[in-house]
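Take the sequence shown: its letter number 312 is residue 506 in the numbering used here, and every next letter is one higher.
All C-beta atoms, glycine included, are put in the ideal place defined by N, C-alpha and C.
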Amino acid sequence: MLFFRQIIVKIIKVNTIFLIAISWFVILLCTILIVHLDPTSFSNYFEGFWWVMTTVTTVGYGDFSPVTTAGRILAIFLYIVGIGLIGVVIGKVVDAFSLFRKKQEEGKIVYKGSKHYILIGWSKKAQYALKEMMASDGEVDIIIIDQLEKAPMLTDHVFYISGEPTTEDTLNRANIREAKAVLIFADDSIGDNQLVDGKTFLIASTVEALAPHVHTVVEIMEENHIKNFKHINVDEFIFSHETISSLAVRTAFTEGVSSLFSQLLNRDFGDDLYQIPRKKEWNTYSDAFHALLKEGATLIADGRNLGINRMLSDKIKDDARLFVICDEATYERLIK
195 MLFFRQIIVK IIKVNTIFLI AISWFVILLC TILIVHLDPT SFSNYFEGFW
245 WVMTTVTTVG YGDFSPVTTA GRILAIFLYI VGIGLIGVVI GKVVDAFSLF
295 RKKQEEGKIV YKGSKHYILI GWSKKAQYAL KEMMASDGEV DIIIIDQLEK
345 APMLTDHVFY ISGEPTTEDT LNRANIREAK AVLIFADDSI GDNQLVDGKT
395 FLIASTVEAL APHVHTVVEI MEENHIKNFK HINVDEFIFS HETISSLAVR
445 TAFTEGVSSL FSQLLNRDFG DDLYQIPRKK EWNTYSDAFH ALLKEGATLI
495 ADGRNLGINR MLSDKIKDDA RLFVICDEAT YERLIK
């Protein structure tokens, strides 16, 4: 027994893929041997394979069993070696899944997909952004990058990568070059706004150096810092403090404004803001405006231009990005 125990110990240390290959070799070899050693009980290879599998997995239905001495010796070999071998393989497979899950939780993975979104800097704001993104498109992959010990969230489409976001290695593990967009959130743990924006600048610089074609959205604390970001070609900026303050003032002067903004920013209720494709029959903004009204949608902007009502007679540009306000059902109808 000591001999067999030493064999099992050595088997455990063997590479998993090699071990699986050996296991299949033993199973197929025993399948061929049992048919030749006991042809009366096993008339074909499938019956031999069935018996080998029920033996090594300890199921043992008893519908097939060897009657010759040579066949029974082979069965004894399977009892001692085969069962132990399969048990080790199953254990290694389970361990591999556990190790993979552990690596996922610790953020030690490499993402190989594309057209995904990357959130850099985990916070309440990032959490709300993640929730909104998942509500907008439940099938899109989202990568969270931070230096937390454990993943703040993991789902079939949400992944976590642990590391310093100012390093190429961390961003490459998130496959930054094939991402659709990157959202960089300000570090709330830093008290000084200049230091916060300084850290954000370092992250944005690294992102733009590796993937200048990827749409980059950056949260900054002070608007006068935008000029420092201009030369690294950041696409868009978010000003958390200014937005909240402006909304508070507007609400104080005009009752109900906050509810309007909340409705446009939240997909959970009411109408929402959507981008729609241009249709061939729309030559002017007036064509699009009136056609969309009949569908139950209101055209409000072309890209950043909100003056649609003053340019109805103008021709729609080839690179137009049309935005409408409507409910989800109308939007689904418009994009079909």
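- Judged by their CB atoms, Gly301 and Ala345 are nearer to each other than the 8 Å cut-off.
- Cβ-Cβ distances below 6 Å link Val246 to Ile221, Cys224 and Thr225 in the same chain, with the five nearest sequence neighbours on each side left out; the list follows chain order.
- Separation of Ser292 and Asp429 (C-alpha to C-alpha, rounded to the nearest whole angstrom) is 40 Å.
- Three or more beta-carbon pairs drawn from the segment 359 to 379 and the segment 400 to 413 are found closer than 8 Å, and the two stretches are therefore classed as touching.
- The Cβ-Cβ distance between Ser237 and Ser259 does not fall below 8 Å.
- By the 16-neighbour rule on beta-carbons within 10 angstroms, Val261 is exposed.
- Between the segment 478 to 497 and the segment 513 to 530 there are three or more C-beta pairs closer than 8 Å, enough to call the two in contact.
- Per DSSP, the beta-bridge partners of His409 are Ala375.
- DSSP places Lys297 in the helix class (H, G or I) of the three-state scheme.
- For Ile284, the closest C-alpha among the options Ala215, Ile397 and Met327 is that of Ala215.
- One alpha carbon belongs to Gly307, the other to Asn369, and they sit about 7 Å apart.
- When secondary structure is reduced to three states using DSSP, Tyr479 falls in the helix class.
- Nearest to Phe431 by C-alpha distance, out of Asn422, Glu413 and Lys421, is Glu413.
- DSSP, read as helix, strand or coil, puts Ser317 in coil.
- Under the 10 Å beta carbon count, Trp218 is surrounded by fewer than 16 other beta carbons and is classified as exposed.
- DSSP, reduced to helix, strand and coil, places Glu343 outside both helices and strands of the structure shown, so it counts as coil.
- Segment contact: the segment 276 to 283 against the segment 347 to 357, fewer than three CB-CB distances shorter than 8 Å; contact not assigned.
- The criterion of a C-beta distance shorter than 8 Å is satisfied by Ala320 and Phe379.
- In this model, Asp466 and Asn387 are separated by some 32 Å (Cα to Cα).
- In the DSSP annotation of this structure, the continuous segment of the beta strand (DSSP E) that includes Ile432 starts and ends at Glu430 to Phe433.
- Each residue's CA atom was taken as its position, placing Glu326 and Lys511 some 30 Å apart.
- C-alpha of Val334 to C-alpha of Phe423: approximately 28 Å in a straight line.
- Assignment of Asn499 by DSSP, reduced to helix, strand and coil, places it in the strand class.
- Taking a 10 Å sphere around the C-beta of Phe212, we find fewer than 16 other C-beta atoms and assign the residue as exposed.
- Every alpha helix (DSSP H) of 4 residues or more that sits fully in the segment 254 to 280 is shown, in chain order, as 263 to 271.
- For Tyr468, the beta-bridge partners assigned by DSSP are Val518.
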